[in-house]
Structures are given as structure tokens and as C-alpha cells.
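Letter 13 of the sequence shown, counting from 1, is numbered 12 in numbering that gives the first Met the number 0, and no numbers are missing. Just so it is clear, CB atoms sit at the ideal spot from N, CA and C, and this is done for glycine as well. Keep in mind the model is a prediction, meaning the values are calculated, not measured. First comes the structure, then the notes that go with it.
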Amino acid sequence: MKTDSVFYRLFQRLPELVFELAGWPAPDLTGYRFRAEEIKQTAFRLDGILTPPPEATERPLVFVEVQYQPDDLFYRRFFAEIFLYLYRQPPTHPWRAVVIYPERRREREAGPHYAVLLDSDQVRRVYLEDFQHPTAQSLGLRLLQLLLGEPAQAIAKARALVQPLTPEQRQTTAWRELVDLVETLLVYRLPALSREEIRKMLNLVDVDLKQTRFYQEVFAEGRQEGRQEGRQEGRQEGRQEESVGLVLRLLQRRLGALDPAQLTRIEKLPLASVEALAEALLDFQTPADLAAWLAAQDPGNP
Numbered sequence: 000m001k002t003d004s005v006f007y008r009l010f011q012r013l014p015e016l017v018f019e020l021a022g023w024p025a026p027d028l029t030g031y032r033f034r035a036e037e038i039k040q041t042a043f044r045l046d047g048i049l050t051p052p053p054e055a056t057e058r059p060l061v062f063v064e065v066q067y068q069p070d071d072l073f074y075r076r077f078f079a080e081i082f083l084y085l086y087r088q089p090p091t092h093p094w095r096a097v098v099i100y101p102e103r104r105r106e107r108e109a110g111p112h113y114a115v116l117l118d119s120d121q122v123r124r125v126y127l128e129d130f131q132h133p134t135a136q137s138l139g140l141r142l143l144q145l146l147l148g149e150p151a152q153a154i155a156k157a158r159a160l161v162q163p164l165t166p167e168q169r170q171t172t173a174w175r176e177l178v179d180l181v182e183t184l185l186v187y188r189l190p191a192l193s194r195e196e197i198r199k200m201l202n203l204v205d206v207d208l209k210q211t212r213f214y215q216e217v218f219a220e221g222r223q224e225g226r227q228e229g230r231q232e233g234r235q236e237g238r239q240e241e242s243v244g245l246v247l248r249l250l251q252r253r254l255g256a257l258d259p260a261q262l263t264r265i266e267k268l269p270l271a272s273v274e275a276l277a278e279a280l281l282d283f284q285t286p287a288d289l290a291a292w293l294a295a296q297d298p299g300n301p
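What follows is the structure, given as C-alpha cells:
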């Protein structure tokens, strides 16, 4: 789950990296969204779908799976999920699929039933071991390097990524979003270090990540809905709804789909706790972090 979460964040911010790894020419990525999605009326859940705008019917929809653990049934499940999705929620776009392995030895035989799909132009298998020393140095591949190779080299590579050329660059939203993503990748890659320790090593102790577009866009959406509900239900109720809506959006963008039980608990939190969660979630890396935070608020309620 931790690996899935870090790649989710990476592809959500840089969808062009999916096409670059697969060796496909990238289409116009304006309006593309990367998200996890459950298939209606089934128990299947797709870890990542890169979806173009509905009106851009010529652009491909891309199913993405990061497979770090050997699984003899993986291809059976993966293609079942894809075709169930196409049946239940038929898109107007053509589809493609990318499977990402850390190395070839993790992959298992697909069997004769899926060979025609794996040999087609629609499906790509990517092995990250091939990208440890890339010739091209796009931003996406440079970020990917933080997850590959020796952990001891990650800080030096990260420092080269986030050091702005001028003081003015340090104030830009794009740079702050890059810092947020770099920190997230390093927290995963160097689990013995806290986010605060990583910031000190990168000379970033004064950066306020609440100024990133990730935070600000979701905050604006939550405030707008909260105002509408507040006009209908009263100021206090509206403020509560506004805060909960903001936190849920931030959590879903950071961690993916939330557990229904967690949703219920968050909706029942008092306003002060909701506001505290809005601060704490900036350091969350996996759903387990959210579960631990909720447990700490009410030790008697697992």
C-alpha cells in the first residue's frame, strides 16, 4: 500500500511520466486526471486510471498498475478488472494499460490466455531497473531516481531538484509543489528519517506547503460548498461542513479512496479536531497514517 501511494502521488502530479515509461508519445495532457476507482457492482478496485476529458474522445484512457509483489494470478485479475470496467462504465476513449514492476524477476508467467494482450501495442510492461541510469533527464525521470538506486544518493539528487536558481523561484507555486512531491518520495525512500529531518537536509525548513496548489485548490472547493450549505443550514453547520469537505478532499487526493468507516469517523469529528486533521494530513503518506491519527483521537475506539 505504501508503494502504491507514492506512485499514485507521482502519477497524479506528472501524468506524462506514465507515457514516458511506456515509450508512448504523450498526447495533450490538458484535463487528464489520475485516480483510483472501484468498478460498479463488483468487488474490484483499479489502483490507477489516467482519464482524459470526456470530450477528448481521441485521447487514450490508461489503466496503470504498480506490481511490486510476485502474484501468480495478477494478469488474470488485472485484465478481468479492465474488461469489467469497460463493460460497466464504457468510456468513449480508446484504452491502454501499463504494468510497472521494480524488476523482471518479480513478474510471473501470464499463461496462454493473455499473451495476445501482452504482445499488443495496447499493453506495456515497464521494469524500473531499466531506468536506474536514464539517458533522458525529464523532471519525471529525475523524480523517479529518488525511488531507485542507493538510498544514500537520494538526498543529493533531491537537493539538486529543489534548489531554486533565484529567490523569486522559491515563491512560485510550481516550486512549492515540487518540494511537496520530493519530500513525499524521500519519506518513502528513507523511512528512518522524519519529514522535518528531510527538510533540514534539503534546507527547506521555512517552506509552507499549505501554499501549494494541491492544498489551495481543494481548500477553495471546500469553502465554496461550505458557503452554499451554510446558507441553507446556518453558519455553524456550514463551517463544519466546509471544514469536513476540505479535509476529505485533501485526504482523497493524497491517499486515494478512503475506507467507509474512516469517512464516518471524520464526519463525526468536532470542528477543532477537523481543523487539526487538516494540518496533520500534510505529513500523511499512507492510509495507515490516517488510521493511526484517528486512533490517537479516541484510543478507546479502534
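What does the alpha-carbon distance come out to for the pair residue i and residue j?
i: residue 202; j: residue 136; result: 23 Å
i: residue 261; j: residue 74; result: 31 Å
i: residue 277; j: residue 284; result: 14 Å
i: residue 234; j: residue 271; result: Bear in mind that the predicted position of residue 234 carries a pLDDT of just 47, short of 50, making it too unreliable to give a figure here.
i: residue 19; j: residue 25; result: 7 Å
i: residue 11; j: residue 183; result: 13 Å
i: residue 105; j: residue 112; result: 20 Å
i: residue 9; j: residue 180; result: 7 Å
i: residue 33; j: residue 63; result: 9 Å
i: residue 107; j: residue 71; result: 6 Å
i: residue 198; j: residue 171; result: 18 Å
i: residue 169; j: residue 157; result: 15 Å
i: residue 58; j: residue 121; result: 13 Å
i: residue 77; j: residue 17; result: 17 Å
i: residue 103; j: residue 267; result: 46 Å
i: residue 89; j: residue 148; result: 40 Å
i: residue 294; j: residue 263; result: 14 Å
i: residue 249; j: residue 195; result: 21 Å
i: residue 244; j: residue 23; result: 37 Å
i: residue 305; j: residue 200; result: A query on residue 305 cannot be resolved here, the shown segment of the chain reaching from 0 to 301 and no further.
i: residue 87; j: residue 38; result: 7 Å
i: residue 145; j: residue 128; result: 13 Å
i: residue 291; j: residue 43; result: 26 Å
i: residue 167; j: residue 132; result: 32 Å
i: residue 227; j: residue 118; result: Unreliable positioning characterises residue 227 in this predicted model, as indicated by a pLDDT of 49, which lies under 50. The coordinate reading is nonetheless provided below. The alpha-carbon atoms of residue 227 and residue 118 are separated by roughly 52 Å.
i: residue 85; j: residue 162; result: 44 Å
i: residue 188; j: residue 3; result: 13 Å
i: residue 190; j: residue 247; result: 26 Å
i: residue 115; j: residue 28; result: 28 Å
i: residue 21; j: residue 165; result: 34 Å
i: residue 15; j: residue 176; result: 16 Å
So, helix, strand or coil for residue i, using DSSP?
i: residue 290; result: helix
i: residue 180; result: helix
i: residue 220; result: In this prediction, residue 220 scores a pLDDT of 49, lower than 50, which makes its location untrustworthy; the coordinate-derived value is nonetheless stated afterwards. DSSP places residue 220 in helix when its eight states are reduced to three.
i: residue 96; result: strand
i: residue 47; result: strand
i: residue 231; result: Only weak support exists for where residue 231 lies, its pLDDT of 47 falling under 50; the value from the coordinates is given anyway. In the structure shown, residue 231 sits in a helix (DSSP, three-state: H, G or I).
i: residue 110; result: coil
i: residue 283; result: coil
i: residue 157; result: helix
i: residue 211; result: Interpretation of residue 211 is limited by its pLDDT of 49, a score under 50 that renders its predicted location unreliable; the figure taken from the coordinates is listed afterwards. Reduced to three states, the DSSP call for residue 211 is coil.
i: residue 28; result: coil
i: residue 4; result: helix
i: residue 117; result: helix
i: residue 170; result: helix
Kindly indicate the opening and closing residues of the beta strand (DSSP E) around residue i.
i: residue 35; result: 32-37
i: residue 148; result: Here residue 148 belongs to no beta strand (DSSP E), and DSSP marks it neither H nor E.
i: residue 266; result: Not the beta strand (DSSP E): residue 266 falls in the alpha helix (DSSP H), residues 259-266.
i: residue 62; result: 60-65
i: residue 124; result: 122-126
Along the chain, where does the alpha helix (DSSP H) that runs through residue i open and close?
i: residue 196; result: 194-200
i: residue 78; result: 73-87
i: residue 278; result: 270-279
i: residue 105; result: Premise fails: residue 105 is in no alpha helix (DSSP H) and is neither H nor E.
i: residue 139; result: 138-143
i: residue 15; result: 15-21
Figure out for me which residue from the options has the closest Cα to the Cα of residue i.
i: residue 138; options: 243, 162 and 13; result: 13
i: residue 35; options: 80, 129 and 124; result: 80
i: residue 346; options: 178, 263, 240 and 258; result: An answer regarding residue 346 cannot be provided, because it is not within the stretch 0 to 301 covered by the chain.
i: residue 46; options: 257, 275 and 295; result: 257
i: residue 49; options: 160, 69, 93 and 68; result: 93
i: residue 240; options: 269, 255, 69 and 254; result: 269
i: residue 66; options: 100, 56 and 91; result: 100
i: residue 6; options: 192, 98, 247 and 110; result: 98
i: residue 69; options: 109, 60 and 27; result: 109
i: residue 141; options: 160, 123 and 129; result: 160
i: residue 367; options: 288, 273, 275 and 265; result: The structure shown has nothing for residue 367, since the chain only spans 0 to 301.
i: residue 242; options: 274, 3 and 251; result: 274
i: residue 192; options: 165, 175, 150 and 176; result: 150
i: residue 95; options: 174, 173 and 61; result: 61
Give me the Cβ distance between residue i and residue j, rounded to the nearest whole Å; I'm assuming they're in contact under 8 Å.
i: residue 153; j: residue 185; result: 6 Å
i: residue 51; j: residue 31; result: 5 Å
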